[in-house]
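Just below is one structure, and these are the notes that go with it.
Number of protein chains: 2
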Amino acid sequence: MQTDDLILISVDDHVIEPPDLFDGHLPERFKERAPRIERGADGADFWTFGTTRIPNVALNAVAGRPKEEYGIEPQSLDEIRPGCFDVHERVKDMSAGGVLGSMNFPSFPGFAARLFATEDEEFGLALVRAYNDWHIDQWCGAYPGRFIPMALPVIWDAEKCAAEVRRVAAKGCHSLTFTENPAALGYPSFHNAFWNPLWTALCDTGTVMSIHLGSSGQLAIPAPDSPPDVMITLQPMNICSAAADLLWSRVLKEFPDLKISLSEGGTGWIPYFLERCDRTFEMHAGWTGQDFGGKRPSEVFREHFLTCFISDTTGIALRHDIGIDNISWECDYPHSDSMWPTAPEQLTAAFARYGVSDDDARKMTYENAMRWYRFDPFAHVRREDATVGALRRSVAGHDVAVHARSRHAGKSQAERAAEFNRFMLAQRDDEPVAG
Amino acid sequence: MQTDDLILISVDDHVIEPPDLFDGHLPERFKERAPRIERGADGADFWTFGTTRIPNVALNAVAGRPKEEYGIEPQSLDEIRPGCFDVHERVKDMSAGGVLGSMNFPSFPGFAARLFATEDEEFGLALVRAYNDWHIDQWCGAYPGRFIPMALPVIWDAEKCAAEVRRVAAKGCHSLTFTENPAALGYPSFHNAFWNPLWTALCDTGTVMSIHLGSSGQLAIPAPDSPPDVMITLQPMNICSAAADLLWSRVLKEFPDLKISLSEGGTGWIPYFLERCDRTFEMHAGWTGQDFGGKRPSEVFREHFLTCFISDTTGIALRHDIGIDNISWECDYPHSDSMWPTAPEQLTAAFARYGVSDDDARKMTYENAMRWYRFDPFAHVRREDATVGALRRSVAGHDVAVHARSRHAGKSQAERAAEFNRFMLAQRDDEPVAG
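Residue numbers (this note's numbering), protein chains in the order written: chain A, 2 to 436; chain B, 2 to 436.
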């Protein structure tokens, strides 16, 4: 397959929410109390919500920036590409990167929107609904066929969460961002019947539960003085904990239609993981009582889980040990693991290296994403306009660099690394930092 | 390669310590206070040490038992194979399983011997030394060429630990059992200069630091009500945290001769892990300041780490992406993940499936173990007597079953699973359960 002929749908990107997010979506009586962006004396932007202050509004939104300037900056909207928060610019960036469709995870509310779990439940629900309406109708709605809509959950109430899933599904949203471990956030675990209404709603509406790495509030830092590289290395593999917890649970046995995406979880470790699960079953089911009705855990996994990769070639090489229908590419714009805007070239190089057929390539780059998320861009975009080549031609000359100077530029590497660890450790509980 | 022609050295097995362990090895003045085995009214054996009681003396020592009777039992020495605690029986079991050489991790003191970190440091050191003398001289010494000796560390004092490493190296011991994360046990992290004397001693003596999974006191249980299968599945992958923490640390840069074994860590995930490390380096070294003198992290990994597998075929298939000189087989006798006594047959089947050359097979089954651990069984055992076929013939008729009835036999699966979780959660801090 030629790079220009690829069609790319990314199942994991991020939106940095714009300041006017709640305008027009939140009932009048709640407007005064809505979260808002403020700028500190040091020029950093932060969201405030009641007594809570969420720093690093633009955390890790480094797309277009030289690698030397990565770290916990940028920290303000004027330091990042407008494509992070302006949908018109975003679509241009997508096209410049050859990306037809994109699913955008939230930033400041957290992957499970725990920020909105306030004491005033009615207000919290209004915030979730306002966010979802903004995201689905305004952000995704601005460019039909270019975005897979995704909803925030009502994390504190499974019944209300189920109702919200049904409400947004009615307007075409089939993805729910959720946590990889509700127990770690102080809610009932995946094993608790508390969540049954949610599982029912997800199955009824064909909605995928998309669990992004880092959504449990538990970061993998062996020690406070571990180098930042340790955490960066370990993040994806931690999602295997969620995969195991759900795979062995009664949930998949009782809700056979439930679909789960391991967002940014990587793929290269999956064959080992599945072999380990099958072996655990073979060795231990006799006393643990596991029973999948004659199936092996690896088969059950493939019925329920979508795996996602940005760049791992091991997963491409082992695609048939994972399941060719269970792999979807992701771009991770605008974060530092993203290959934007040169992902297409890197993908075709990897496909060539491992002799990936065009059929297999199509499944991994867009067909699986369309099926799992019930997303049909071709209802809005002609196929001949959807390829990497066509999209790039449509925005010829679009500038893909960041020109705003990073505050990092004057800092030493040691300062950056120390700053990163301090910030990450403070976030370990996924609690917004009190201001 | 024919099964009978294999030569097997296992770099991970376990000894269940016998009651007379300290006899003849501990100075007279400490004898009264030494740990000892007692039997409870329910027939379960436990070690007592001061006010500490360590239950489940025979935890997971299920070799020879039907799978349906696995769980947190057996709990007493008369329920397990004598080969667990009697070296003469152990060697017969090894031969019946075709195993020429074996390295035995400790059981009741914990993998890092934290039990011996008492307030009386002189007494603690005497216990470590007594254990090491028993293990090296008496257990391993009884059958020259059949055991890779392994020493307990002095976990609370790096200088004393270094001295003990030098003391045991002088009598041929080149393996130190250690923790995968000292910070999690309340000691300085791997990044602290506190440990420098130990690194120096390990390098000077050519001693491998053998880190066994589960040695950080942190078990991977997402929630208290997660099924037991979740923890069983996840254990091996957790050791990647230790691998990342050490790989990115200054330790390997400053101690280029340091060797580390990821015991029971599995191998199938390593290619993904190395790719992830190289990518992290490529994307982030610019701001994290990582510098391996022109090498990539995957190259540094292969200079320092030995990876180990019991049965994972993914790792066999990907042996050259891991590093054919960095893989060593392990038996895990008498634990429930072991393939004893049919490991040889399962290995040759996997080797045939993935077209493993005889050269590659020899490296993984014994040559790498010999080189990494400076262990030469052929100084004591003739090659023609060392093969699977020859060893099995030498103990023809040896009974490999357990005939003692398990207390589990009358328990329901649900009872067993609940009991397992209760026990594991109580152990989460690796603290012995107070009696």
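No residue lacks a Cβ here, since even glycine has one placed at the ideal position from N, Cα and C.
- In this structure, the alpha-carbon of residue 245 (chain B) lies about 19 Å from that of residue 274 (chain A).
- DSSP, reduced to helix, strand and coil, places residue 393 (chain B) within a helical segment of the structure shown.
- Look at residue 371 (chain A): its C-beta is not under 8 Å from any C-beta on chain B.
- Within the model, the alpha-carbon separation for residue 48 (chain B) versus residue 267 (chain A) is close to 44 Å.
- Counted as a single uninterrupted DSSP element, the stretch harbouring residue 192 (chain A) is not any beta strand (DSSP E), since DSSP gives it neither H nor E.
- Residue 69 (chain B) reaches chain A at 287 and 288, counting residues in chain order whose Cβ is nearer than 9 Å.
- With a contact defined as Cβ atoms closer than 8 Å, residue 342 (chain B) and residue 98 (chain B) qualify at about 4 Å.
- In the three-state reduction of the DSSP assignment, residue 101 (chain B) falls in the strand class.
- With at least 16 other beta carbons inside 10 angstroms of its own, residue 242 (chain B) counts as buried.
- Here the segment 168-183 of chain B makes contact with the segment 212-230 of chain B; the two share three or more CB pairs at distances below 8 Å.
- Counting of Cβ neighbours within 10 angstroms places residue 70 (chain B) among the buried residues, the total reaching 16 or more.
- Assignment of residue 2 (chain A) by DSSP, reduced to helix, strand and coil, places it in the coil class.
- Runs of the alpha helix (DSSP H) spanning 4 or more residues and lying entirely within the segment 98-158 of chain A occur at 122-134, in chain order.
- Measuring C-alpha to C-alpha distances from residue 263 (chain A) to each of A:308, A:91 and A:290 identifies A:308 as the nearest.
- Residue environment for residue 89 (chain B): exposed (fewer than 16 other C-beta atoms within 10 angstroms of its C-beta).
- In the DSSP annotation of this structure, residue 222 (chain B) is not part of any alpha helix (DSSP H), being labelled neither H nor E.
- The beta carbon of residue 143 (chain B) is closer than 6 Å to those of 88 in its chain, skipping five residues each way along the sequence.
- Excluding residues up to 5 positions away in sequence, 2 lie with their Cβ nearer than 7 Å to the Cβ of residue 359 (chain B) in the same chain.
- In this structure, the CA atom of residue 96 (chain B) is about 16 Å from the CA atom of residue 330 (chain B).
- For the C-beta of residue 250 (chain A), the chain B residues within less than 9 Å are, from N- to C-terminus, 227, 228 and 231.
- For residue 54 (chain B), the closest of B:302, B:35, B:65 and B:72 by C-alpha to C-alpha distance is B:35.
- Secondary structure at residue 302 (chain A): helix, using DSSP grouped into helix, strand and coil.
- Listed along chain B are 224, 226, 227 and 228, each with a C-beta nearer than 8 Å to that of residue 192 (chain A).
- Secondary structure of residue 10 (chain B) (DSSP, three-state): strand.
- Proximity of chain A to residue 270 (chain B) at the Cβ level (cut-off 7 Å) is accounted for by 270 and 273, in chain order.
- Sixteen is the threshold: since fewer than 16 other Cβ atoms of the shown chains lie within 10 Å of the Cβ of residue 52 (chain A), the residue is exposed.
- A contact between stretches requires three or more CB pairs, one per stretch, nearer than 8 Å, and the segment 99-112 of chain A meets this requirement with the segment 383-393 of chain A.
- Of the residues assessed, residue 161 (chain B) falls on the buried side of the cut-off, its CB having 16 or more other CB atoms within 10 angstroms.
- Between the alpha carbons of residue 115 (chain A) and residue 156 (chain A) lies a distance of about 7 Å.
- Within the same chain, Cβ atoms closer than 6 Å to the Cβ of residue 370 (chain A) are found at 10, 12 and 329, the five residues on either side in sequence being excluded.
- Residues of chain B with a Cβ closer than 7 Å to the Cβ of residue 418 (chain A) are, in chain order, 289 and 290.
- For the pair residue 284 (chain B) and residue 426 (chain A), the Cα-to-Cα distance works out to about 22 Å.
- Residue 289 (chain A) carries a helical assignment under DSSP once its states are collapsed to helix, strand and coil.
- In this structure, the alpha-carbon of residue 91 (chain B) lies about 6 Å from that of residue 85 (chain B).
- Interface flag for residue 215 (chain B) against chain A is unset, since no Cβ pair is found closer than 8 Å.
- A Cβ of chain A is located within less than 8 Å of the beta carbon of residue 414 (chain B).
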